[in-house]
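Below is one structure, written out as structure tokens; comments come after it.
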Amino acid sequence: MQTRKTDVLVVGSGFGAAAPALRLAQAGLAVTILEKGPMVGPGQYRQTQDPKYLLKHIKGLGSEHLGLTYAEGLGGGSGFYEMVSLRAPTIAFEQQDDCGRRLWPSAVSRETMDPWYDLADSMLRVEQIPEDQVPRNGQIFAMMMARLGYSCERARYAVRNCLGSGYCVTGCIYGAKQSLHVNYLPQAVEAGATVTCDAEVTGIKALKLDRRDPSPLEPRYRVRCRIGGEKGEDVEYLAPIVVLGGGTVGTATLLLRSSRGLPELSRHVGRHIAFNGSVKAAGILPDDFPDGDMYAGRSHPGMISYEFLESRGITISTVKPLPLQMMAAGRLRLADVNPTPEWWGAGHVELMKQVRHRMIILLSLGLTPPAGRITLDRRGKAKLDVEGLAGMAEYERETEAVLRSILDRNGCRPISVESVDQTGMPHPGTYFSTAHQTGSCRMADSPDLGAVDAGGEMFGYPGLFVSDGAAIPSSLAVNTSLTILANAERIAAGIAARYGRVPAAVPGGPSRMAGKT
Amino acid sequence: MEERQSIGVLSDRFYPLARYSDFLASDLDRRAKRQYRRPFASLSLDQRTVLLKDALASRDRTTQRLYTGAVFLTEAAVYGGIRDDRAGCRLTGFPGGYQLVPRTKVDGTLTARLSGLSRSLDGNPA
Ligand SMILES: Cc1cc2nc3c(=O)[nH]c(=O)nc-3n(C[C@H](O)[C@H](O)[C@H](O)COP(=O)(O)OP(=O)(O)OC[C@H]3O[C@@H](n4cnc5c(N)ncnc54)[C@H](O)[C@@H]3O)c2cc1C
Ligand code: SF4
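In order, the protein sequences belong to chains A and P.
Residues in the first sequence are numbered from 0 upward in steps of one, following numbering that gives the first Met the number 0.
Residues in the second sequence are numbered from 0 upward in steps of one, following numbering that gives the first Met the number 0.
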């Protein structure tokens with residue numbers, strides 16, 4: 000097997016990986032980025048509902064009560080996300096566990112994160128959506144909230160010159176989305192980083208160092224990688240610094256698979272997965288509302304309400320799924336018809352005809368506790384479970400009642416949504432699906448509370464960092480990417496301050512915070 | 000057009016269901032002959048629906064799962080236009096890919112001042 004050396008080995012190329020890759024390359028370190036998924040970008044994206052394309056890039060890990068969705072490919076989730084780029088609210092950082100301990104490390108709060116959010120905003124060119132670009136469904140949602148006297152905000156997005164094609168979730172063919180392909184990744188390459196796609200990191204082993212006081216850039220880890228898919232070639236890297244940015248699922252899976260090479264691995268790895276408790280409710284608009292359009296305008300409809308954030312820990316927006324997303328999410332039926340209509344066939348067509356212009360779907364994201372857990376089965380495949388479901392069922396019922404009440408009081412006809420698995424079979428009982436999973440290797444003040452410290456470094460493993468969604472210790476009640484990116488910038492600055500060969504120049508960045516957590 | 004979308008999807012080897020497409024076809028015929036004494040293909044829409052309903056409610060879990068999967072995939076093929084990126088779905092007005100709606104029809108036309116509803120400075124939560 001070939002052995003290569005690098006200063007920094009970055010696993011993955013999504014939000015959590017891209018910032019350390021860029022900043023550490025700028026700090027004069029040799030950076031190698033290994034991305035498991037294929038090379039994909041604006042030239043390869045398709046505007047399609049073809050599962051052959053979608054399943055190549057969008058992956059899932061599911062259990063009876065929870066489903067996690069994520070992307071695999073150059074740029075990680077950034078290629079396929081809806082570009083919503085919001086800061087997590089102050090109360091998200093202040094959440095506590097059952098024993099009254101803060102979930103986040105004491106040094107990290109909204110206030111200390113704001114400079115990193117500023118940096119992330121400027122790198123992704125995040126802006127509040129202009130009034131005249133809010134898609135129709137977002138405007139209808141705003142009208143609904145206004146009728147009830149509730150507040151509603153124009154959300155913030157990482158996009159320039161959006162043409163409103165409505166296919167953000169299959170990749171932007173127009174280059175309007177400010178995914179990592181147009182900022183962090185090319186800048187990292189320009190600063191000297193190398194990127195290899197179809198390169199899955201399969202194992203990490205801590206090396207025994209000969210000397211008591213090794214130099215900071217002496218290799219500490221042996222990282223194994225398979226390049227070129229299943230029949231590809233195995234390559235080994237020796238590196239003093241390894242940054243894990245494989246995502247909440249990918250990073251935990253890799254670490255659990257590496258437990259032999261990392262014998263002191265934290266018992267928190269794979270645990271405490273937070274999932275933004277997303278709940279949906281759908282309805283048909285009454286006649287006094289204008290037509291919406293489920294298929295035109297950017298994928299996320301532009302508006303979000305923080306009205307219930309303080310009182311219930313939830314934000315509310317509306318969603319605009321493409322047909323396949325909608326069908327994969329659940330069986331739709333008009334709920335005020337007796338007997339209950341079928342979810343398929345001729346009897347279902349009339350409802351499907353109303354989807355485009357007359358259906359509205361509300362979505363809430365909430366500060367639900369970290370309750371998911373990834374373990375490995377006997378063949379080393381990731382498995383997902385949920386701990387403490389009782390509270391979740393109650394949360395789901397109460398949150399759905401809030402959404403339903405908004406629809407009812409606006410005169411909407413109710414639609415029931417029965418969630419289904421990949422084969423179309425209904426999930427029994429409570430079920431949450433999300434693309435906002437965080438926390439499988441959470442940051443904490445001490446090893447008895449989490450897997451990594453506030454600087455992202457694994458307890459007991461100097462030089463091994465987690466900088467992606469896995470490090471984020473809680474639900475956020477808003478979309479996750481900006482917080483993951485801002486936190487990754489913060490962690491990267493700490494690593495650069497410790498190991499960098501030259502001081503990193505962060506344009507407009509929070510230099511006063513470099514090295515601090 | 001929608002029929003063209005659905006034809007073939009059940010025997011497309013990309014989907015695990017393809018392994019069972021022969022079974023599904025012969026099982027439907029068997030059910031049709033038992034109930035209506037005619038092959039499935041010659042039945043009316045209502046008669047087909049009755050048979051499918053029975054199969055979906057089957058006590059045999061495997062049969063139920065197979066039929067559920069088949070109906071799910073067929074619906075996805077029709078409504079999603081999954082076999083042709085540009086086809087969309089005429090029934091529901093899903094336009095399919097690579098078609099831009101004029102900007103004026105997309106957004107910005109319903110409410111003049113959305114900012115009046117806002118309590119945040121810049122769209123972020125406090
Ligand atoms: C369809 C969709 C829409 C979304 N919309 C939004 C939105 O509008 N706003 C928002 O804030 N969030 C959104 N999200 C969520 C957001 O994309 C994720 O929170 C974010 O991408 C997570 O960042 P990450 O760095 O943790 O991991 P990812 O971005 O998932 O990146 C991880 C990368 O690591 C790679 N990898 C994993 N394991 C290995 C390994 N062993 N070796 C090498 N590489 C590996 C993966 O292939 C992947 O490319 C969306 C997600 C999806 C799927
Ligand atoms: S809606 Fe805008 S950002 Fe989304 S794919 Fe179309 S042009 Fe790109």
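Beta carbons are placed, not taken as given, at the ideal position from N, Cα and C, and that holds for glycine.
Considering only A:V10, A:F14, A:A18, the residue with the shortest C-alpha distance to A:G493 is A:A18. Counting only runs of 3+ residues, no beta strand (DSSP E) is found wholly inside the segment 45 to 109 of chain P. No Cβ of chain A is located within less than 8 Å of the beta carbon of P:G7. Think of a sphere of 7 Å around the beta carbon of P:F13: the chain A residues whose beta carbon falls inside it are K51, in chain order.
Nearest neighbour of A:T201 by Cα position, chosen from A:E229, A:E349, A:V194, turns out to be A:E229. Within the segment 9 to 82 of chain A, the complete beta strand (DSSP E) segments of 3 residues or longer fall at 30 to 33, 57 to 61, 65 to 70, listed in chain order. Straight across, the Cα-Cα distance linking A:T367 with A:D384 is about 15 Å.
Under DSSP, A:I240 takes part in a beta bridge, and its partners are A:V7. According to DSSP, residue pairing for A:V385 in a beta bridge involves A:G371.
In the structure shown, A:C167 adopts helical secondary structure according to DSSP, grouped into three states. At a C-beta separation below 7 Å, P:T91 has these neighbours in chain A: M351, K352, V354, R355. Of P:L44, P:R64, P:G115, the smallest CA-CA separation from P:A31 is found for P:L44. Taking 8 Å as the threshold, the shortest C-beta distance from P:L109 to chain A falls below it.
In the three-state reduction of the DSSP assignment, P:K32 falls in the helix class, which pools H, G and I. Residues of chain A with a Cβ closer than 8 Å to the Cβ of P:V49 do not exist, since the nearest Cβ in that chain sits about 11 Å away. Of the residues assessed, A:F431 falls on the buried side of the cut-off, its CB having 16 or more other CB atoms within 10 angstroms. Take the alpha-carbon of A:I203 and the one of A:A251: they are about 12 Å apart.
Interface annotation for the segment 157 to 184 of chain A against chain P: L162, G163, S164, Y166, criterion Cβ-Cβ distance under 7 Å.
Distances taken from the Cβ of A:L323 to the heavy atoms of ligand 1 include none shorter than 7 Å. Using beta-carbon distances, A:Q46 counts as an interface residue toward chain P, with a partner under 8 Å.
Looking from the CA of A:L253, the closest CA among A:I128, A:T422, A:R225, A:L237 belongs to A:R225.
Taking non-hydrogen atoms of ligand 1 into account, the C-beta of A:L8 is found less than 7 Å away from none of them. Residues of chain P with a Cβ closer than 8 Å to the Cβ of A:R153 are, in chain order, L113, S114, S117, G122. Within 7 Å of the C-beta of A:K176 there is at least one heavy atom belonging to ligand 2.
Using a Cβ-Cβ cut-off of 8 Å, A:V477 counts as an interface residue toward chain P, since at least one Cβ of chain P sits closer than that to its own. Just measuring C-alpha positions, the residue of A:E417, A:Q25, A:V419 sitting nearest A:G191 is A:Q25. With a cutoff of 8 Å on beta-carbon distance, A:Y156 and A:E130 are scored as not near each other. Bounds of any alpha helix (DSSP H) do not take in A:V416; it lies within the beta strand (DSSP E) bounded by 412 to 418. Remark: the C-beta of A:R297 is in contact range of ligand 2, defined as less than 7 Å to any heavy atom. For A:Y294, the nearest CB of chain P lies under 8 Å from its own CB, placing it at the interface with that chain.
Residue pairing by DSSP puts A:C224 in a beta bridge opposite A:V200, A:V234.
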